[in-house]
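Going down the list, the sequences are from chains B and C.
Here the first sequence is numbered in our numbering, starting from 295 and rising by one per residue.
Here the second sequence is numbered in our numbering, starting from 295 and rising by one per residue.
There are 2 protein chains.
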Amino acid sequence: MSSTPAPWSQEEFEAKLRGRSTSYHIHHPFHVMMAAGTLTRAQLQGWVANRFYYQISIPIKDAAILSNCDDREIRREWIQRILDHDGYHIGGIDDPGGIEAWIRLGEAVGLSRDDVTSLRYLAPAARFAVDAYVNFARRQPWQEAVASSLTELFAPHIHQQRIDTWPTQYPWVDAAGLHYFKQRLTQARRDVEHGLRFTLDYFSQTRALQERALEILQFKLDVLWALADAIMLSQCEIEIKGPKAKVAP
Amino acid sequence: MSSTPAPWSQEEFEAKLRGRSTSYHIHHPFHVMMAAGTLTRAQLQGWVANRFYYQISIPIKDAAILSNCDDREIRREWIQRILDHDGYHIGGIDDPGGIEAWIRLGEAVGLSRDDVTSLRYLAPAARFAVDAYVNFARRQPWQEAVASSLTELFAPHIHQQRIDTWPTQYPWVDAAGLHYFKQRLTQARRDVEHGLRFTLDYFSQTRALQERALEILQFKLDVLWALADAIMLSQCEIEIKGPKAKVAP
Numbered sequence: 295m296s297s298t299p300a301p302w303s304q305e306e307f308e309a310k311l312r313g314r315s316t317s318y319h320i321h322h323p324f325h326v327m328m329a330a331g332t333l334t335r336a337q338l339q340g341w342v343a344n345r346f347y348y349q350i351s352i353p354i355k356d357a358a359i360l361s362n363c364d365d366r367e368i369r370r371e372w373i374q375r376i377l378d379h380d381g382y383h384i385g386g387i388d389d390p391g392g393i394e395a396w397i398r399l400g401e402a403v404g405l406s407r408d409d410v411t412s413l414r415y416l417a418p419a420a421r422f423a424v425d426a427y428v429n430f431a432r433r434q435p436w437q438e439a440v441a442s443s444l445t446e447l448f449a450p451h452i453h454q455q456r457i458d459t460w461p462t463q464y465p466w467v468d469a470a471g472l473h474y475f476k477q478r479l480t481q482a483r484r485d486v487e488h489g490l491r492f493t494l495d496y497f498s499q500t501r502a503l504q505e506r507a508l509e510i511l512q513f514k515l516d517v518l519w520a521l522a523d524a525i526m527l528s529q530c531e532i533e534i535k536g537p538k539a540k541v542a543p
Numbered sequence: 295m296s297s298t299p300a301p302w303s304q305e306e307f308e309a310k311l312r313g314r315s316t317s318y319h320i321h322h323p324f325h326v327m328m329a330a331g332t333l334t335r336a337q338l339q340g341w342v343a344n345r346f347y348y349q350i351s352i353p354i355k356d357a358a359i360l361s362n363c364d365d366r367e368i369r370r371e372w373i374q375r376i377l378d379h380d381g382y383h384i385g386g387i388d389d390p391g392g393i394e395a396w397i398r399l400g401e402a403v404g405l406s407r408d409d410v411t412s413l414r415y416l417a418p419a420a421r422f423a424v425d426a427y428v429n430f431a432r433r434q435p436w437q438e439a440v441a442s443s444l445t446e447l448f449a450p451h452i453h454q455q456r457i458d459t460w461p462t463q464y465p466w467v468d469a470a471g472l473h474y475f476k477q478r479l480t481q482a483r484r485d486v487e488h489g490l491r492f493t494l495d496y497f498s499q500t501r502a503l504q505e506r507a508l509e510i511l512q513f514k515l516d517v518l519w520a521l522a523d524a525i526m527l528s529q530c531e532i533e534i535k536g537p538k539a540k541v542a543p
């Protein structure tokens with residue numbers, strides 16, 4: 295008898311993936327402040343300006359996945375993500391795309407287009423966190439990079455929260471700027487359906503693969519958390535209160 | 295008449311490079327605490343455990359430089375750095391190398407070898423900062439990667455500080471553990487002489503190149519600062535005091 299544990303059922307595996315929502319950056323102190331309406335105008339601007347680097351890195355990350363993927367069917371689905379973010383002009387449709395929508399969010403919070411696109415407010419550690427995600431997609435097998443996109447499971451909630459709370463908590467933000475979040479509500483749901491279906495199938499071949507998928511999802515959650523840390527440290531005065539509860543032995 | 299500014303003299307350029315010491319991580323709150331002797335045993339252990347990831351990444355970074363470098367003379371000099379960190383057994387000499395010395399530093403602060411080498415205490419953002427340095431060396435021309443090593447200009451000071459202060463401020467640390475810092479005092483001085491000579495020559499071809507070298511040095515200073523931020527957040531309880539003095543416009 296093999297001592298290798300049997301794979302979890304797909305339902306059980308999916309529940310374990312969804313269970314990682316506890317590490318989603320919606321729980322990060324900076325995002326808690328954002329949802330509570332206690333960020334200053336400059337802090338919200340700082341978040342939009344820093345997060346822009348994530349936005350412009352997404353299509354580069356997705357292109358890395360395409361460049362590693364020898365499955366045409368997957369490429370035909372996955373390319374939609376690049377089109378969504380970069381925008382496109384195909385067959386009479388002219389979509390300015392998610393990056394342009396984010397620049398307009400920048401304008402809605404009072405930044406100029408150049409403030410956003412110049413990256414002049416980008417904190418180095420924010421860049422390092424985002425680049426970790428791009429480099430993961432460049433260097434790991436495309437199946438792993440697909441699994442790393444599954445933080446989208448948790449994204450509709452945070453987008454909806456912003457749509458619901460900003461108009462009352464940050465009434466000075468031009469409401470047109472919320473277009474990005476509204477658009478992503480639909481797109482993220484569609485994307486994650488594809489990514490989740492693939493991950494549940496591919497990684498359910500063995501328990502070890504399922505555990506690897508959880509590790510990959512955790513890596514991506516860590517990227518988003520580290521991005522929030524970097525933004526927090528660049529936007530907030532902090533004070534060291536004392537040592538953390540024992541980390542090292 | 296060209297509007298391109300003339301290159302700085304090599305003396306002036308070197309002074310500008312050295313002037314960047316104001317952003318060196320010796321000024322980071324966590325390192326200030328370390329020098330003041332106020333870190334707890336667990337915090338010092340946390341620093342050693344996290345910083346180990348930097349130590350094991352250095353030879354990978356240097357191998358990336360070799361792999362991009364078509365100049366045999368440079369490779370013959372640069373390979374010494376890999377030998378220093380990985381250790382070697384050549385011509386009857388048996389040098390365990392800097393990584394092994396760092397593991398012994400880990401033991402000297404009360405960690406087990408496995409605590410250090412397993413990376414179980416590594417903060418994700420510490421990994422992202424260090425990986426940014428490795429990826430810079432992988433993707434940029436080797437001449438730029440050489441310039442990025444120039445934070446070694448500032449390293450002897452911080453090593454000497456540890457050698458001087460630890461025996462009284464952290465008397466529980468086994469003194470044999472300080473061997474790494476003592477060894478690096480000599481090695482870093484030799485390495486930086488080579489890197490600095492090359493940078494002053496190569497980047498003095500134009501003012502634009504000199505400015506690029508300063509930008510590269512700043513990138514590497516940002517890597518070390520972000521590493522210290524990651525360690526601080528993983529080892530310290532912090533409190534958000536309020537917004538930073540205006541960052542965004």
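Glycine residues also receive a C-beta, built at the ideal position from the N, C-alpha and C atoms.
Buried/exposed call for residue i, threshold 16 Cβ in 10 Å
i: GLY471/C; result: buried
i: VAL326/C; result: exposed
i: ILE387/B; result: exposed
i: HIS383/C; result: exposed
i: ALA330/B; result: exposed
i: ILE457/B; result: exposed
i: THR500/C; result: exposed
i: ARG433/C; result: exposed
i: GLU306/B; result: exposed
i: ALA426/B; result: buried
i: TRP460/C; result: buried
i: ASP365/B; result: exposed
i: HIS321/B; result: exposed
i: ARG421/C; result: buried
Within chain B, partners of residue i - CB distance below 8 angstroms
i: THR595/C; result: A query on residue 595/C cannot be resolved here, the shown segment of chain C reaching from 295 to 543 and no further.
i: PRO323/C; result: ILE534
Cβ-Cβ separation, residue j to residue i (assumed contact under 8 angstroms), whole Å
i: ARG369/B; j: HIS473/B; result: Their Cβ separation, rounded to whole angstroms, is 28 angstroms, which puts ARG369/B and HIS473/B out of contact at 8 angstroms.
i: SER442/B; j: PHE430/B; result: 6 angstroms
i: SER315/C; j: TRP519/C; result: Between TRP519/C and SER315/C the Cβ distance is about 13 angstroms, and since that is not below 8 angstroms, they are no contact.
i: GLU533/C; j: ILE532/B; result: 7 angstroms
i: ARG506/B; j: PHE497/B; result: 7 angstroms
i: ARG478/B; j: HIS453/B; result: 5 angstroms
i: ASP356/B; j: ARG375/B; result: 5 angstroms
i: GLU446/C; j: ASP485/C; result: 6 angstroms
Cβ-Cβ distance between residue i and residue j below 7 angstroms
i: ALA423/C; j: VAL342/C; result: no
i: ALA336/B; j: LYS540/C; result: yes
i: GLN529/C; j: GLY340/C; result: yes
i: ASN344/B; j: TRP436/B; result: no
i: LEU490/B; j: GLN304/B; result: no
i: ALA524/B; j: ALA419/B; result: yes
i: GLY391/B; j: GLY404/B; result: no
i: GLU367/B; j: HIS488/B; result: no
i: ASP468/B; j: ALA395/B; result: no
i: VAL410/B; j: PHE346/B; result: yes
i: ILE393/B; j: GLN349/B; result: yes
i: HIS379/B; j: ILE352/B; result: yes
Straight-line gap, residue i to residue j (C-alpha atoms, nearest Å)
i: THR334/B; j: THR480/C; result: 49 angstroms
i: ALA482/B; j: LYS476/B; result: 10 angstroms
i: ILE354/C; j: ALA417/C; result: 20 angstroms
i: LEU377/B; j: LEU508/B; result: 28 angstroms
i: PRO301/C; j: LEU511/C; result: 18 angstroms
i: LEU503/B; j: PRO299/B; result: 11 angstroms
i: LEU413/C; j: LEU338/C; result: 15 angstroms
i: GLY400/C; j: THR332/C; result: 19 angstroms
i: LEU527/C; j: GLY385/C; result: 45 angstroms
i: LYS514/B; j: GLU308/B; result: 17 angstroms
i: SER297/B; j: ILE373/B; result: 41 angstroms
i: ARG407/C; j: ARG407/B; result: 51 angstroms
i: ALA449/C; j: ARG312/B; result: 45 angstroms
Proximal residues of chain C, C-beta to C-beta of residue i below 7 angstroms
i: LYS540/B; result: ALA336
i: GLU533/B; result: ILE532, GLU533, LYS535
i: ALA426/B; result: PHE422, ASP425
Proximal residues of chain B, C-beta to C-beta of residue i below 7 angstroms
i: ALA419/C; result: ALA419, ALA423, ALA520, ASP523
i: ASP516/C; result: PRO418
i: ASN362/C; result: Result: empty, since nearest Cβ-Cβ is about 16 angstroms, beyond 7 angstroms.
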